[in-house]
Amino acid sequence: MSEAVFALVGALLFAWGLFGLFAYRHLIRRIIAAKIATSAVFLLIIALARVPGQGVTDPVPQALVLTGIVISISLAAFALVLACRFIELTGESDLDEDGRG
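Count along the sequence shown starting at 1, add 1017, and that's the number in this note's numbering.
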């Protein structure tokens, strides 16, 4: 597949994740939407990392994406723990209109 297809899919996934962040009030859905958006950014970085005219890719964006994946997973786990604690304390899983619990 070409880089253009990966870039298009990455842009669509990012738009979907961004829509989910603004459209949903449920905490877990917002965390999932943020994970979709960050995964799309990683896909875009990898898709655009290839040097034109050469068959090899630049290793720096690959290392950046691997580091970002580790950080993203740890932040998602932390956000899920905070969301579960928020639900446990308040009994609500939705945020108010202004974004506060």
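For every residue, glycine included, the Cβ atom is placed at its ideal position computed from N, Cα and C.
When the alpha-carbon of PHE1031 is set against those of ILE1090, ILE1062 and ILE1053, the nearest one is in ILE1053. DSSP places ARG1067 in the strand class (E or B) of the three-state scheme. Less than 7 Å separates the beta-carbon of GLY1027 from that of LEU1061. Just so you know, the alpha carbons of ALA1024 and ILE1090 end up roughly 22 Å apart. When the Cα atoms are used, ALA1050 and PHE1059 turn out to be separated by approximately 14 Å.
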